[in-house]
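What follows is a single structure, written as structure tokens, with notes after it.
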Amino acid sequence: MDGVIVESELLHARIKMETFRHFGIPFDEERLNRYMGRASKELFAEVLQEQGKKELSAQEMAVYKHQRYLEVLEQGDSLPQVPGTLQLIQCLKNAGARIALATSSQPKAAEFVLHQFGLETAFESVLTCADVTETKPNPEIYLLAAERLEVSPVDCVVLEDSQNGVAAAKAAGMTCIGYRNPYSGKQDLGQADFVVDAISDIDIAEFGWQKK
1308 MDGVIVESEL
1318 LHARIKMETF
1328 RHFGIPFDEE
1338 RLNRYMGRAS
1348 KELFAEVLQE
1358 QGKKELSAQE
1368 MAVYKHQRYL
1378 EVLEQGDSLP
1388 QVPGTLQLIQ
1398 CLKNAGARIA
1408 LATSSQPKAA
1418 EFVLHQFGLE
1428 TAFESVLTCA
1438 DVTETKPNPE
1448 IYLLAAERLE
1458 VSPVDCVVLE
1468 DSQNGVAAAK
1478 AAGMTCIGYR
1488 NPYSGKQDLG
1498 QADFVVDAIS
1508 DIDIAEFGWQ
1518 KK
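Numbering-wise, the numbering used here comes out as the position in the sequence shown, counting from 1, plus 1307.
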């Protein structure tokens, strides 16, 4: 979702850094790129362990970050869409493709984005970090998405903008399209089967779906 449907990566980064400052924890913002596509709680847990901060929990930091993120969204400023994605979703639906959303974001954040873009009924299944015990690069969320769609992982195509997401897709045994989102930082998409600079560059006919 983030960086593929909606341009929210910069906002996520801003709120994460605000969270570190709120709790008085030093953190180099450039390190955020390596955590792209992973749940915030994992980032906070690793940093707390590194710095030996035992009086604070990653869950407490994650709750603060999530609440602040929702507060910013609810202030009324809509997040910009990633160019071409809504058209791609419609094209896939017209062609009869089955689609699931697998995001490391919290359920309420996913609900907000889907409502903003009128995508409440676009996906047969929506999975968030609340549905899994391990987040990307672990393949759990993608394997669960395939299971809910009742399809084999080898028949799935994943669209990702982060190194962790690509790694998760490939670990699940799925074909992966890497999207070079200029707002997602320096991401190594080398594991992806295909890499595009724009969502509009994706030709669904290459994957067996015909435009209608």
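Ideal Cβ placement from N, Cα and C applies to all residues, glycine included. Model, not experiment: these values are computed from the prediction.
Could you tell me which residues DSSP puts in a beta bridge with GLY1485?
-> According to DSSP, which records beta bridges pairwise, GLY1485 is partnered with GLU1467, VAL1502.
Can you say whether ILE1489 is buried or exposed, counting buried as having 16 or more other CB atoms within 10 angstroms of its CB?
-> Ile is not the amino acid found at residue 1489; the sequence shown has Pro there. It is exposed - the Cβ of PRO1489 has fewer than 16 other Cβ atoms within 10 Å.
Looking at C-alpha atoms only, which residue of GLU1457, TYR1449, LEU1456 is the closest neighbour of LEU1466?
-> Ranking GLU1457, TYR1449, LEU1456 by Cα distance to LEU1466 puts TYR1449 first.
Kindly confirm or deny that the segment 1317 to 1335 and the segment 1456 to 1466 touch, where touching means at least three C-beta pairs closer than 8 Å.
-> Three or more beta-carbon pairs separated by less than 8 Å are not found between the segment 1317 to 1335 and the segment 1456 to 1466, which leaves the two stretches without contact.
Local Cβ density within 10 Å of PRO1387, reported as buried at 16 or more and exposed below that | PRO1387 is exposed by the Cβ-count criterion.
Just mark LYS1361 as buried or exposed, buried being the case when its beta carbon has 16 or more other beta carbons within 10 Å.
-> By the neighbour-count rule (16 or more Cβ atoms within 10 Å), LYS1361 is not buried but exposed.
Which of helix, strand or coil does DSSP assign to LEU1408?
-> The answer is strand: DSSP assigns LEU1408 an E or B state.
If you scan the segment 1337 to 1424 from start to end, which runs of the beta strand (DSSP E) of 3 or more residues do you find wholly inside it?
-> Counting only runs of 3 or more, we get 1407 to 1409.
Proximity winner among ALA1476, LEU1393, LEU1451, relative to THR1440 (alpha-carbon distances) = Of ALA1476, LEU1393, LEU1451, the residue nearest in Cα terms is LEU1451.
Sequence-distant residues of its chain with Cβ nearer than 7 Å to LEU1395 (five each side left out) | When the five nearest sequence neighbours on each side are left out, the beta carbons in the same chain lying within less than 7 Å of the beta carbon of LEU1395 are those of ILE1506, ILE1509, in order along the chain.
So is ASP1309 buried or exposed if we call it buried at 16+ other beta carbons inside 10 Å?
-> Counting Cβ neighbours within 10 Å, ASP1309 comes out buried, since at least 16 surround it.
Please report the residue range of the alpha helix (DSSP H) in which LEU1426 lies.
-> Where LEU1426 is concerned, there is no enclosing alpha helix (DSSP H), given that its DSSP letter is neither H nor E.
Taking all protein chains shown into account, decide if GLY1485 is buried (16 or more other Cβ within 10 angstroms of its Cβ) or exposed.
-> With 16 or more Cβ atoms within 10 Å of its Cβ, GLY1485 is classed as buried.
Grab the span of the beta strand (DSSP E) containing LEU1496 for me, first residue to last.
-> No beta strand (DSSP E) contains LEU1496, which DSSP labels as neither H nor E.
Looking only at DSSP bridge pairs, what is LEU1434 linked to?
-> The partner list for LEU1434 (beta bridge, DSSP) reads ALA1409.
What are the residues that DSSP puts in a beta bridge with ASP1269?
-> No answer is possible for residue 1269: it lies beyond the span of the chain, which begins at 1308 and ends at 1519.
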